[in-house]
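Numbering (the working numbering), first residue to last: -4 to 191.
Single-structure report; data block below.
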């Protein structure tokens, strides 16, 4: 059929629920959705081996997160603050826009059926006023990129921009420091680890 231009509409609902069973303890669930239409670059043809694809669909993201927060003041010392967050996330993008070789020379943008990331996040910190520490850990329990023909992969296609979006299986960071002279000087450092 003849290409007549892009058009479309949609909604991006989001919702969250937080319950506090006890003081300082929260349970929560949240859902967020979003729509991203193909960009001008993704829908254009260039002189340099990029093929025009007039049939790209908009990406539709559906992101879920379930978790718990612990907040405690005056935990070890008067005036201190401690916090801990543990969460599970499941993020799926339908019609994710990917890029692949066509005929081994030309590049074409296309839609995956969906791309999905799942994982666990643990973060928290402790602040005693004169000293503090913050930490964060992310572990991805699953990644899949599924094509329209039903084939699902735990890797990306050659030259696909999706490669830049896949995080390491495990990341960790710790920031610690001390404050001096009525908080006028803070000395600290940060350590970051990136897994495979």
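A virtual CB, placed ideally from N, CA and C, is assigned to each residue, including glycine.
Note that the coordinates shown come from a computational prediction; the quantities given were computed from them, not determined experimentally.
Bridge-paired residues (DSSP) for residue 55: In DSSP, residue 55 forms a bridge with 30, 89.
Touching by the beta-carbon criterion (3+ pairs, under 8 Å), the segment 20 to 29 and the segment 55 to 64: By the Cβ criterion, the segment 20 to 29 is in contact with the segment 55 to 64, since at least three pairs of Cβ atoms, one from each stretch, lie closer than 8 Å.
For residue 140, count neighbouring Cβ atoms within 10 angstroms of its own Cβ and tell me buried if that reaches 16, exposed if not. Taking a 10 Å sphere around the C-beta of residue 140, we find 16 or more other C-beta atoms and assign the residue as buried.
Three-state secondary structure (DSSP) of residue 158: Three-state DSSP puts residue 158 in a helix.
DSSP bridge partner residues for residue 60 (one or two, in chain order): Note: residue 60 sits in a beta bridge opposite 25, 84.
Can you list, in chain order, the residues of its chain with a C-beta nearer than 7 Å to that of residue 77? Leave out the 5 residues immediately preceding and following it. Cβ within range, chain order: 67, 70, 121.
Between the CA atoms of residue 39 and residue 84 - distance to the nearest angstrom: When rounded, the distance between both Cα atoms is 34 Å.
Could you give the C-beta distance for residue 51 and residue 93, rounded to a whole number, given that I count them as a contact under 8 Å? Beta-carbon to beta-carbon, residue 51 and residue 93 are separated by about 10 Å, too far to satisfy the 8 Å threshold.
Where DSSP assigns a beta bridge to residue 185, which residues make up the other side? Beta-bridge pairing links residue 185 to 170.
CB contact flag (residue 164, residue 188, <7 Å): Residue 164 places its beta carbon 7 Å or farther from that of residue 188.
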